[in-house]
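Residue numbers (this note's numbering): 1057 to 1301.
Glycine included, each C-beta is placed from N, C-alpha and C at the ideal position.
Bear in mind the structure is a predicted one, so any value in this text is a computation, not a measurement.
Report on the structure given below.
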Amino acid sequence: MTIDMLPGRACNKLYSDLDGAVIEGNGDIYYFDPCQIQIQCRPYEKWMFHVEQISLLTCNVYIEMFYSDFNHQTSSPSFTFRCAEPNPGIVYTNSSYITLKLHHNNETDFRFRIVFTCRKFESPCESFLCDNGNCISPDLNCDDVDNCFDFTEEWENGTAACIEYYPFPGENFGVLISVVCVGGFVGLSAACCRMWRRRKQEMHDEDLYEIKSGPYVHKYAYRYAFLKPPSHFRRDIKKSDRFAR
1057 MTIDMLPGRA
1067 CNKLYSDLDG
1077 AVIEGNGDIY
1087 YFDPCQIQIQ
1097 CRPYEKWMFH
1107 VEQISLLTCN
1117 VYIEMFYSDF
1127 NHQTSSPSFT
1137 FRCAEPNPGI
1147 VYTNSSYITL
1157 KLHHNNETDF
1167 RFRIVFTCRK
1177 FESPCESFLC
1187 DNGNCISPDL
1197 NCDDVDNCFD
1207 FTEEWENGTA
1217 ACIEYYPFPG
1227 ENFGVLISVV
1237 CVGGFVGLSA
1247 ACCRMWRRRK
1257 QEMHDEDLYE
1267 IKSGPYVHKY
1277 AYRYAFLKPP
1287 SHFRRDIKKS
1297 DRFAR
């Protein structure tokens, strides 16, 4: 499941019996109260996590992670995310309970996305076995989230068999097909209109050719040619002198 953007309505809540969780933070949301959330796996499962994205542009913002549900006022965090710190990569914990505390100090220059997955300890794995050896719930397959941390459960040709996964499931897929059909019809209609206008222009040009300089004119025009007499004709010139020039 994807937890709502932090800080916000998802703060100060417990989420239990999870297979996995995606926790996202966005500093564009103004929130002035303390913010912490607690996530819990099923019994005999342990959390693992990796940071997909983190951008803490101010050191006034930091995230503390505790591998327990105890009072965290005096205990030290198991993990801390601060500005200018490297990405920790994939982290395997020995806890089925995690508390995440966001210290935002009313700042807005931060973003993060952390993926948590509950790994099972079945031998052999009767759920879903990732290529890297992690055993996770099959309910996490084909959900566009890298829960195995090697994308095994998202491959179309892998053991997850995500071939039948559609980005627009249910009724939305029918809407997508309708939109594509309407778009194709509109495009075909526009192409037909362009072809008709082009053909009409060609027919018009052919008509002008027949009138102005078509084959009829070229064939018979010489029979009807005549010489126009000069506009100022001198009648005092003899006929023989006219053609002598």
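ask   = With C-beta atoms as the reference, is E1209 less than 8 angstroms away from F1172?
value = Residue 1209 sits at position 153 when you count from the first residue of the sequence shown. Residue 1172 sits at position 116 when you count from the first residue of the sequence shown. It is not a contact, given that the beta carbons lie outside the stated cut-off.
query = Which class does I1110 belong to by DSSP, given the choice of helix, strand or coil?
reply = For this step, residue 1110 is matched to residue 54 along the sequence shown. It is a strand residue.
query = How would you call R1255, buried or exposed, if buried means at least 16 neighbouring beta carbons within 10 angstroms?
reply = On the sequence shown, position 199 is the one that residue 1255 refers to. Exposed: under 16 other Cβ atoms inside 10 Å.
message = Here's the rule I'm using: 16 or more other beta-carbon atoms within 10 Å means buried, otherwise exposed. How should G1239 be labelled?
response = Counted from its first residue, the sequence shown places residue 1239 at position 183. Classification of G1239: exposed, given that the 10 Å Cβ count is below 16.
query = Which residue spans inside the region 1162-1196 form an unbroken beta strand (DSSP E) run of at least 3?
reply = 1166-1175
Cβ shell of L1112 (< 6 angstroms), same chain only, five flanking positions each side left out = Within the sequence shown, the letter at position 56 stands for residue 1112. Within the same chain, L1112 has close Cβ partners C1139, F1166.
ask   = Beta carbon of N1068, beta carbon of Q1092: below 8 angstroms?
value = The count along the sequence shown starts at 1 and reaches residue 1068 at position 12. The count along the sequence shown starts at 1 and reaches residue 1092 at position 36. For N1068 and Q1092, yes; Cβs fall inside 8 angstroms.
message = So, at 7 angstroms on beta carbons, what are the nonlocal neighbours of I1095 in its own chain, with the 5 sequence-adjacent residues on each side left out?
response = If you number the sequence shown from 1, residue 1095 lands on position 39. If we look at I1095 and ignore the five residues flanking it on each side, its Cβ neighbours are Y1071, L1074, A1077, I1154, F1172.
query = In this structure, what does DSSP give as the bridge partners for Y1153?
reply = As a working mapping, residue 1153 is identified with position 97 in the sequence shown. Paired residues: Q1096.
request  = Keeping to the same chain, check which residues put their C-beta closer than 6 angstroms to that of K1176; ignore five residues upstream and five downstream.
outcome  = Along the sequence shown, one-based indexing puts residue 1176 at 120. So the qualifying residues of the chain are E1101, S1183, C1191.
Cβ neighbour criterion (16 or more within 10 Å) applied to W1252 = Taking the first residue of the sequence shown as position 1, residue 1252 is located at position 196. Classification for W1252: exposed.
query = Taking C-beta to C-beta, are H1106 and G1145 nearer than 8 angstroms?
reply = Start at 1 with the first residue of the sequence shown, and residue 1106 comes out as number 50. Start at 1 with the first residue of the sequence shown, and residue 1145 comes out as number 89. Result yes, Cβ atoms of H1106 and G1145 sit closer than 8 angstroms.
request  = State yes or no: is the C-beta of I1110 within less than 8 angstroms of the C-beta of F1205?
outcome  = By 1-based counting over the sequence shown, the position of residue 1110 is 54. By 1-based counting over the sequence shown, the position of residue 1205 is 149. No, these two residues do not count as a Cβ contact at 8 angstroms.
query = Which same chain residues, not among the five before or five after D1084, have their C-beta less than 8 angstroms away from its C-beta?
reply = For this step, residue 1084 is matched to residue 28 along the sequence shown. Excluding positions up to five away in sequence, the list reads T1164.
message = If the criterion is Cβ atoms closer than 8 angstroms, does the pair W1103 and S1151 meet it?
response = Locating residue 1103 in the sequence shown gives position 47, where the first residue counts as 1. Locating residue 1151 in the sequence shown gives position 95, where the first residue counts as 1. For W1103 and S1151, yes; Cβs fall inside 8 angstroms.
query = Which stretch, first to last residue, makes up the beta strand (DSSP E) that contains V1117?
reply = Position 61 of the sequence shown, counting from 1, holds the residue named residue 1117. Looking at the DSSP string, V1117 is not in any beta strand (DSSP E), and its letter there is neither H nor E.
task = Return yes when the Cβ of Y1123 is within less than 8 angstroms of the Cβ of T1136, no when it is not.
result = Sequence index remark: in the sequence shown, residue 1136 carries index 80 (1-based). Sequence index remark: in the sequence shown, residue 1123 carries index 67 (1-based). No. Outside cutoff.
ask   = What's the C-alpha gap between R1098 and V1242?
value = If you number the sequence shown from 1, residue 1098 lands on position 42. If you number the sequence shown from 1, residue 1242 lands on position 186. Cα-Cα distance, rounded: 53 angstroms.
inquiry  = For E1108, tell me which candidate among Y1086, D1089, M1121, I1079 has the shortest Cα-Cα distance.
reply    = On the sequence shown, residue 1108 is found 52 positions in, with the first residue counted as 1. Nearest of Y1086, D1089, M1121, I1079 to E1108, Cα basis: I1079.
request  = Look at the Cβ atom of C1174, then the Cβ atom of S1193, and state whether they are nearer than 8 angstroms.
outcome  = By 1-based counting over the sequence shown, the position of residue 1174 is 118. By 1-based counting over the sequence shown, the position of residue 1193 is 137. In contact: C1174 and S1193 (Cβ atoms closer than 8 angstroms).
task = Using only alpha-carbon positions, find the residue among Y1148, S1245, F1088 that is nearest to H1159.
result = To locate residue 1159, count along the sequence shown from 1; it is residue 103. The shortest Cα separation from H1159 among Y1148, S1245, F1088 belongs to F1088.
query = Ordered along the chain, which non-local residues of its own chain (more than five positions away) have a Cβ less than 8 angstroms from that of V1147?
reply = What you label residue 1147 is simply residue 91 of the sequence shown in a count that begins at 1. Answer for V1147: M1104, F1105, H1106, F1135, listed in chain order.
ask   = Bridge partners of H1159, per DSSP?
value = Translated into the one-based positions of the sequence shown, residue 1159 becomes position 103. According to DSSP, which records beta bridges pairwise, H1159 is partnered with Y1118.
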